[in-house]
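Okay, so here's the structure we're looking at.
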Amino acid sequence: MRTLCIAICCLFFFYFKATAQNSPDCRTAIPVCADAPISGITDGGGDIDDFDPDVIRQSGCLEKGSVSSANLENNSAWYVFRAGTDGQIGFDIEALPVNPGGVVTAEWDFALYGPFDQTSGQNFCGLVGDGTAQPIRCNYEYNDTGFTGIGVNPIDGRVGAPFVRGSQNTYDEWLDVTAGEIYYLFINNYNTNFDGDPESFTLTFTGSSVDADQNSALDCTLRDEFLGLDIIACEGDPDIVLSALNSPAGSDIGSVEWTVDYDDDGTIDDTLTGTGPFGAELVVSSPNSGRYFVEITTASGTPPTVVDNGGILITFYGEPVLDDVVIVDLETSDISDPYDVEFVPQGDGDYEYAINGGEFQDDPIFLDVPPGLNTVIVNDKNGCGTLEQDFLVVGYPKFFTPNGDSFHDTWNVQGIERLSDATIYIFDRYGKLLKQLDDATGWDGTFNGRDLPSSDYWFRLEYDQDDQGVLVARSVRRHFSLVR
């Protein structure tokens, strides 16, 4: 038996809906800078997990093709850069020969996503992978000069055109950036290579900001965060592979040590074993949240050690689950006034809430929720799922008037018929039991056949929690008024 004063609220589970998984390649994108051309190479495989082929069939100008093994992503590479100054940025992607005969077979496409605010706490690659974030520049056309990019084609001086979804640009117009903005660049050879043979390209940044100072146009300190930006993932997502191979040490690796601070409280909790060459890769499985660090000892001793001092914070979020529901304000006087309700989720995910088909809000408190059956939707903004539940607000009149006019002549808990083995005990202000109600008949304001005077009265509600294990909205003890 569970006892509760005043109004209660019961939750009935309705359904849970999962969303697309977070993008594994995107979230381990290689940090790059504008100080030199970047040599890229892909082996034909790609990883289609960035775009679920059953969910995302188009992103900007990119689309899933007719080849059964094709997807938005094949034979691809991901890069991330951070604007160092306000100004103009572009880039050239040049297809390179893959054999001594100088034959170029690759047909490179690209999509550029952003700008993202690094301080926002958003799951950038989750937004890319589930289609929420669309490219702001994109190319899916035949590159007749072997070049594609943003800005001006260096072969024929062709100036990039305004980006329009479905356009036939090989070059898009310049990108105006603000210092601190984060961009993800997806380079893809969708059209030509399904045999696994390596194909290469160079990526060169251009634009007035680069011309002014290529060392500051893009924030080169991002390369010191060579483990990548912090990662938000969902419980049950594929393993995350961290790599120390993109560090400033390059190939000059003698040994690698991985450590982790699981609570992100400044205390190292464990030393971990890496995999791959020199143990330079670390596999992080769900749900092992924590801040991961790496220390590289170089083979040459110059410099002797390389460390990503900030580490990388990996946070796994679970699907939304409601732990409790609380009625937070019953200070109302009208008999039909609704209630203020707070939803209390389990865990510390980034949630938004909506009730009864209304707009989503970040605040879990809703004002003026009517008594009766309602619906709440809890959405994890990191893409880790959506929970929809029906919930019942069981209210009570704040007063009643037993004067025989057929209006508010009796008092009872509204919705008592939905509760299992519910009993209401009514008391006067001194705690004397006046009435016990077991059904929806209600109380007529009498005791042993005598009319009781106008005053405030109290009640206690007891009931059995039903077989569905419903949650109960807690409330404080209140009273109601008898008015004659």
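Quick note on numbering: the sequence shown equals residues 0 to 483 in numbering that gives the first Met the number 0. The C-beta atom is built at its ideal place from N, Cα and C for all residues, glycine as well.
Give me the residue from the options with the minimum Cα distance to residue i.
| i | options | result |
| --- | --- | --- |
| residue 170 | 186, 286, 149 | 149 |
| residue 393 | 326, 409, 80 | 326 |
| residue 103 | 357, 84, 179, 198 | 198 |
| residue 201 | 145, 85, 411 | 145 |
| residue 390 | 384, 383, 376 | 376 |
| residue 239 | 304, 80, 436, 314 | 314 |
| residue 131 | 153, 50, 178, 33 | 50 |
| residue 410 | 72, 425, 122, 420 | 425 |
| residue 60 | 140, 115, 126, 119 | 140 |
| residue 423 | 430, 441, 407 | 441 |
| residue 124 | 53, 229, 210 | 229 |
| residue 421 | 260, 438, 429, 431 | 438 |
| residue 204 | 249, 428, 34 | 34 |
| residue 284 | 237, 317, 39, 400 | 237 |
| residue 370 | 338, 385, 353, 378 | 338 |
| residue 142 | 234, 155, 351, 311 | 155 |
| residue 32 | 73, 181, 292, 54 | 181 |
| residue 233 | 279, 224, 286 | 286 |
| residue 185 | 134, 210, 153 | 134 |
| residue 231 | 383, 29, 218, 58 | 383 |
| residue 413 | 404, 427, 138, 372 | 372 |
| residue 38 | 56, 84, 85, 96 | 96 |
| residue 316 | 357, 306, 122, 57 | 122 |
| residue 108 | 126, 62, 151 | 62 |
| residue 188 | 138, 302, 386, 415 | 138 |
| residue 117 | 218, 52, 71, 415 | 218 |
| residue 301 | 250, 29, 30, 388 | 250 |
| residue 311 | 357, 221, 278, 41 | 221 |
| residue 379 | 356, 405, 352 | 352 |
| residue 483 | 461, 403, 385 | 403 |
| residue 208 | 430, 85, 318 | 85 |
Kindly give me the distance between the Cβ atoms of residue i and residue j, rounded to whole angstroms, as I take these residues to be in contact under 8 Å.
| i | j | result |
| --- | --- | --- |
| residue 308 | residue 348 | Contact flag wrong, Cβ pair sits at about 28 Å. |
| residue 320 | residue 345 | 4 Å |
| residue 398 | residue 454 | About 11 Å separates the two Cβ atoms, so there is no contact after all. |
| residue 81 | residue 179 | 7 Å |
| residue 291 | residue 241 | 6 Å |
| residue 243 | residue 297 | The Cβ separation is near 11 Å, so there is no contact. |
| residue 443 | residue 401 | 5 Å |
| residue 368 | residue 354 | 7 Å |
| residue 259 | residue 289 | 5 Å |
| residue 147 | residue 92 | 5 Å |
| residue 305 | residue 295 | 4 Å |
| residue 433 | residue 446 | 5 Å |
| residue 374 | residue 387 | 7 Å |
Can you tell me which residues form a DSSP beta bridge with residue i?
| i | result |
| --- | --- |
| residue 173 | The partner list for residue 173 (beta bridge, DSSP) is empty, contrary to what the question assumes. |
| residue 410 | 442 |
| residue 252 | Partner(s): none; residue 252 has no beta bridge. |
| residue 133 | DSSP, once it has assigned bridges, lists no residue as partnering residue 133. |
| residue 312 | 290 |
| residue 378 | 351, 385 |
| residue 368 | 338 |
| residue 154 | Residue 154 pairs with nothing; no bridge assigned. |
| residue 360 | 352 |
| residue 373 | 390 |
| residue 86 | 176 |
| residue 50 | The partner list for residue 50 (beta bridge, DSSP) is empty, contrary to what the question assumes. |
| residue 107 | Answer is none; residue 107 lacks a bridge partner. |
| residue 81 | 181 |
| residue 62 | 57 |
| residue 118 | Its beta-bridge partners do not exist; DSSP assigns none. |
| residue 91 | 148, 203 |
| residue 488 | Residue 488 falls outside the range modelled here, since the chain spans only 0 to 483, and no answer is possible. |
| residue 112 | 183 |
| residue 74 | Residue 74 pairs with nothing; no bridge assigned. |
| residue 160 | 171 |
| residue 402 | Its beta-bridge partners do not exist; DSSP assigns none. |
| residue 296 | 254, 304 |
With a threshold of 7 Å (Cβ to nearest heavy atom), would residue i be considered close to the ligand PLP?
| i | result |
| --- | --- |
| residue 289 | The ligand content of the structure shown is nil, which means the ligand PLP is not present either. |
Could you pull out every unbroken beta strand (DSSP E) segment of at least 3 residues lying fully inside the stretch 415–450, listed in chain order?
419–426, 432–436
Assess contact between the stretch 212–219 and the stretch 265–272, defined as three or more Cβ pairs (one per stretch) separated by less than 8 Å. Is contact present?
no
At least three beta-carbon pairs within less than 8 Å, the stretch 70–81 to the stretch 151–160:
no
For the stretch 172–188 against the stretch 110–124, do three or more pairs of beta-carbon atoms, one drawn from each stretch, fall closer than 8 Å, so that the two count as touching?
yes
Output the residue ranges of the beta strand (DSSP E) runs that lie fully inside the stretch 216–290 and measure 3 residues or longer, sorted by chain position.
230–233, 239–242, 254–260, 269–271, 280–283
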